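Student: The listed protein sequences derive, respectively, from chains B and L. The first sequence lines up with residues 1 to 584 when you count with the UniProt record's numbering. The second sequence lines up with residues 1 to 425 when you count with the UniProt record's numbering. Backbone N, C-alpha and C define an ideal beta-carbon position, used for all residues, glycine too. All values derive from a computational prediction rather than experimental measurement.
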Amino acid sequence: MSVVSNKLAASPTLKPHKSADMFSKLVKLSPRFLLALLILPVIGGLISVLLPAFGYAPVLEHTTLGLHGFTMLMQTPGLTHMVMLSVGTGLISTLLAFIITLMILAAFFNSPWLNRIQRLLSPILVIPHAAAAIAVGFLIAPSGMISRLVSPWFSGWELAPNGMFPHDSFGISIILGLTLKELPFLLLMALGVLAQPELGKKLRQQHKVALNLGYCPMTAFFKVILPSLYPLLRLPILAVLAYASASVEMPLILGPNTPPTLAVAIMHWFNDVDLNLRIKASAGALLQLILTGGLLALWLGGEKTIKALFSDLLTNGEREYGGVYWQKITTVLTVFVIGFILLSLIGLIMWSVAGFWRFPAALPDQLTLLHFKSALMQMQNPLFNTLAIGLVTTLFAIIITLLCLESEQLSAKPMSRFTSLIIYLPLLVPSIAFLFGLVWLQQLVNNQAAFFNVVFTHLLFVLPYVFLSLASSYRRLDPRFAHVAASLGATPCKVFLHVKLPQLFAPILIAAALGLAISFGQYLPTLLAGGGRIATITTEAVTLANGASRRTSAVYAIMQMALPLIGFILAWVLPKYFFKSAHR
Amino acid sequence: MLANKFWQTLSRYSFCCVAFCICLVISFKSLASTQLQSRWQQVESLGKDQSVYFYAWGGDAQINAYIQWAAQQVKTKYNINLVHVKLSDTSEAVSRVLAEKSANNNDRGSVDLIWINGANFATMSEHSLLLKQWANKLPNFSYTDPSNNPAVNFDFGIPTNGMEAPWGQASLTFYYDSLAIDGTANNTLPTTLNQLLSWSAQNPGRFSYPKPPDFLGMSFLKYALVMLHQQSDETLKAQLNQPATAQNTAQVLNPLWDFLNKLHPTLWRDGSHFMQSGAQMRRLIGDTELSIAFTFSAPEVPAAVKRYDLPKSIRSYAMQDGSLSNTHFVAIPYNASHQQSAQLVANFLLSPEAQAQKQKAPIWGDKSVLIQSTLTPQQQALFKTMQPHPSALPLNSIKRTLSEPHPSWVNAIIQGWQTRFGVSQ
């Protein structure tokens, strides 16, 4: 696409009119294209799950519509338990992550500590859920790091004790894992909002005014900043809630299995040898959709209730609610969270180089590079796939995002609420509910191009993040540059390529690094759309986590972290050498 | 005179007749064999220079390495590009073929060859998802002595009808941490099912099995089921080889449920949580949370010790009351894109060279399906053994093999287990 526009841009004197037309047309069409790209697969996938749920599955020789699938689902032993577990872990982990995010923000707002915490936590964002679950699992297991640190000198355990975590029947381990994984995401989202120049400046000034009026810093945050901050955080929170209620990797590795969470059970039914279970699985997928929808509605309702009940508090003039204690509690909590994460990272690194490491020993008997060597030997092909899929997907996502944002500016109309919501659609609809249907559709349309199918499915998950990451910088661009260039006779295409893009070099790279990180971490979409033919680092890691040693898993988890990290470092370094003037 | 002439004529005729018949038989036989030969030549010429997507469980580094070796071999022999698609569960491939059938993709399937046996085979054969009558026509199939060796023509009691080529044999092997089970009075190694129960009661939380429908967990339950029926009368025992029905299910499975009711409270996590897979069980042995475990792939134990995944104190052994054994196969889906190439690969996997390589303990240690008497002395020489690792299963330790019950019992066990133990109270 950019090649075409380059050519056209190179010969503006010959056909200036036509080239402008082409570009403008392209730009004008792109939002609709974006909508189609996001809506069609999700809706199509949902329909393809809906039909078997109501008993229409020609392959299994079921063609009569009926509630057979739902009857089977309702008769599943422990269904209520599964539902409770899904709802409970999803809601509590999101709530915890949200509250801790707010407490950290409130306690450290306008302090250099906030940046330090951000820097410590942001690498967590790039760890795939499966790897994080493995790391957390090792920490809290009876034979895990915490237990090793007190054994045998304190506890007297020579063999690992008969413990409770992970896999406890209340889902506490899942909640712990999800909270730790979601906390950095919400914190970074909030910090991203606060980093917007206009808004951030305004809020910081208001905070200062509140402090001068004698408000305790934490109270000032909750009364002055939160009401303006929350609306911008709402969608990320809802995405987190939707993900937490329907995720597969974390509950699979940390959760109980008598019974498991609903999403895990659905995945097992879909993969079961007994093909008739797929009808039940489809019905279950529909139930999951309803549950997630219900949770989102519950959250929004809770939001309204809290607003109605506590709006008086904002203006009651109370300056202090035990701020000193809360500050201390938050500090302790933050140290605890960071310590927990650091300890699991250290555990991960130690496992990747460990020789024999029997239970009570806190350190491995010997160190070896064997696991890295053997993993790197097997890794070439998956590594190539991971990079190729990530690069193609991200490139495509960035081009379409830029065109959409450009169309917003050319038409001088901000994107409708509907469109902004649709961009979040793949994040709000539980992937387990539509992916199986989507893969069935892809089979129908195009069976051979596994690579293309994987890229297309990844795009659904990469596009929202790339869009979110780029949108604020793009909308923040000073329009006067474009106006000046246009008044000097530059075509819209030329303005876009030569004026706007260089100014956006750094944000584009950050968006690319984020897109790559999201693509690298995809497990279920890669596995399903690629039909298992396309192995990436993440699919290998999950297969090995299920089938091999903790040591090899640790190597793969470290690789999973290293790849996106390289991307972010490049995104940070490159602008220092290219388009310096724009960066300044 | 006349009679004499008559007899002469008759004997001449009958001689001719017999001769003709012999000729006919010979020519038919040679015709049949030339037909087989020309069929194979056709397979060879059509199957060369292509890719074969081999869907096989990919959770074991040793097995993966063996498949890689086989890939190199077929590359040099036939210029076939063998791609190992690593599955974490074989049913993923079954679902895949089914999805293709539902999408009306009847000749461009993505799965060319699949490693399979038992319930997955039963499902695929029931839904007609497999190519028929090819495996028994492979040239190397004769080395398995099919007329005297029914194991290669039956998969869990179901006739394969040439839909599967045998690949190897496996037996349920136990392994334990010799530092945790030290042989003291209360802590001797359990070598029968009953001893296992009493040992677990004395050492609570140190044994468990993967949650059904996991393959290994099911194997343990089948071992228990077969053992619990050793003393039953013959008619009841015979039910194990028949399909499970509404009438016989309760009668056959009740001893198993009684046994599990006694066993479960003594298990890891008091039997309220079960591990997900055999690999997780191995990790828990490494973590010293469990002291005794089992596997269907005995060579994974010494391999894991060499990779530091298990402590040096691990030892393998076979239960004395019997080891559940079965044959595993490769099959070709009905819609495979490269059917001829897949047959070439399957034939290579059955060759004495490939089978001998696979049987070597450091490579894989999977027992060959070939019958030694059908091989030439040179071919037999390929199968010579080496000194095993201390943690490996000692040679000839399997005293008694138990055959698999009918595959329909798998579902009956899974359902019964799920309602009784699937939801913790």
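1. Can a CB atom of chain B be found closer than 7 Å to the CB of Asp-309/L?
2. Kindly list, in the order they appear in chain L, the residues whose Cβ is closer than 8 Å to that of His-129/B.
3. Helix, strand or coil: how does DSSP classify His-84/L here?
4. Which residues in chain B have a C-beta closer than 9 Å to the C-beta of Leu-130/L? List them in chain order.
5. Okay, do the stretch 556-569 of chain B and the stretch 534-541 of chain B touch, 3+ Cβ pairs below 8 Å being the bar?
6. Can you tell which of Met-379/B, Phe-436/B and Gly-156/B has the C-alpha that lies nearest to the C-alpha of Gln-560/B?
7. Using 10 angstroms around the beta-carbon of residue 465/L, count the other beta-carbons present and answer buried if the total reaches 16, otherwise exposed.
8. Using a C-beta to C-beta distance shorter than 7 Å, which residues of chain L count as neighbours of Leu-159/B?
9. Cβ of Leu-196/L less than 7 Å from any chain B Cβ?
10. For Thr-305/B, I'd like the list of residues in its chain whose CB is within less than 6 Å of its CB, leaving aside the five on either flank, ordered along the chain.
11. Could you give the uninterrupted runs of the alpha helix (DSSP H) lying entirely in the stretch 218-259 of chain L, keeping only those of 4 residues or more?
12. Taking only three categories from DSSP, how would you classify Arg-148/B?
13. In terms of DSSP beta bridges, what is Asp-177/L paired with?
14. Counting only Cβ pairs nearer than 7 Å, list the residues of chain L close to Leu-444/B.
15. Are the beta-carbon atoms belonging to residue 430/L and Leu-193/L less than 7 Å from one another?
16. Using a Cβ-Cβ cutoff of 8 Å, what residues of the stretch 216-248 of chain L are near chain B? List them in chain order.
17. Please confirm whether His-483/B has its beta-carbon closer than 7 Å to some beta-carbon of chain L.
18. What are the uninterrupted segments assigned as beta strand (DSSP E) that are 3 or more residues long and contained completely in the stretch 93-137 of chain L, given in chain order?
19. Quick one: which unbroken alpha helix (DSSP H) runs of 4-plus residues sit fully inside the stretch 419-503 of chain B? Chain order, please.
20. Under a three-way DSSP split, which group does residue 444/L fall into?
21. Whole beta strand (DSSP E) runs in the stretch 47-133 of chain B with 3 or more residues, listed along the chain?
22. Which residue comes first and which comes last in the alpha helix (DSSP H) that contains Pro-166/L?
23. Do the stretch 354-368 of chain B and the stretch 138-158 of chain B meet, that is, are 3 or more Cβ pairs less than 8 Å apart?
24. Contact between the stretch 179-193 of chain B and the stretch 258-275 of chain B is defined here as three or more beta-carbon pairs at a separation below 8 Å; is this criterion met?
25. If contact means a Cβ-Cβ distance below 7 Å, which residues of the stretch 163-180 of chain B contact chain L?
26. Put Phe-154/L into one of helix, strand or coil per three-state DSSP.
27. Any heavy atom of the ligand SAM inside 6 Å of the beta-carbon of Ile-341/B?
28. Just to confirm my understanding: we take Val-305/L, look at its own chain, exclude 5 residues before and 5 after, and list those with CB closer than 8 Å. What are they?
29. Which chain L residues are close to Asn-257/B, counting only those with a beta carbon under 7 Å from its beta carbon?
30. So, with DSSP's three-state summary, where would you put Val-571/B?
31. Flag Gly-88/B as yes if its beta-carbon sits less than 7 Å from any beta-carbon of chain L, otherwise no.
32. Return the CA-CA distance between Phe-154/B and Pro-364/B, expressed in angstroms with no decimal places.
33. Could you tell me the distance, in whole angstroms, from the CA atom of Asn-148/L to the CA atom of Phe-141/L?
34. Would a check of beta-carbon distances place Pro-502/B closer than 7 Å to chain L?
35. Can you confirm whether Val-59/B, when its beta carbon is compared against all beta carbons of chain L, has any partner nearer than 7 Å?
36. With the cut-off set at 7 Å, would you say Gly-532/B and Val-85/L are in Cβ contact?
Tutor: Reading off the structure:
1. yes
2. Here the premise fails: no neighbours, minimum Cβ distance about 16 Å.
3. strand
4. Simply none; closest approach about 14 Å.
5. yes
6. Met-379/B
7. Since the first residue shown for chain L is 1 and the last is 425, residue 465/L is missing from the structure and cannot be characterised.
8. Ala-180 and Thr-288
9. no
10. none
11. 234-238
12. helix
13. Ile-314/L
14. Ala-103
15. Any property of residue 430/L remains undetermined from this structure, which presents chain L solely from 1 to 425.
16. none
17. no
18. 113-116
19. 425-428, 431-445, 450-476 and 479-487
20. What the structure shows of chain L is the stretch from 1 to 425, and residue 444/L is not part of that stretch, so it cannot be assessed.
21. none
22. That residue, Pro-166/L, is in no alpha helix (DSSP H); its beta strand (DSSP E) goes 164-171.
23. yes
24. no
25. His-167 and Ser-169
26. strand
27. The ligand SAM is not among the ligands present in this structure, which contains no ligands whatsoever.
28. Pro-311, Lys-312, Ile-314, His-389 and Ser-391
29. Lys-211, His-273, Phe-274 and Gln-276
30. Reading the sequence as shown, one finds Ala at residue 571/B and not Val. Ala-571/B falls in the helix class under three-state DSSP.
31. no
32. 19 Å
33. 13 Å
34. no
35. yes
36. yes
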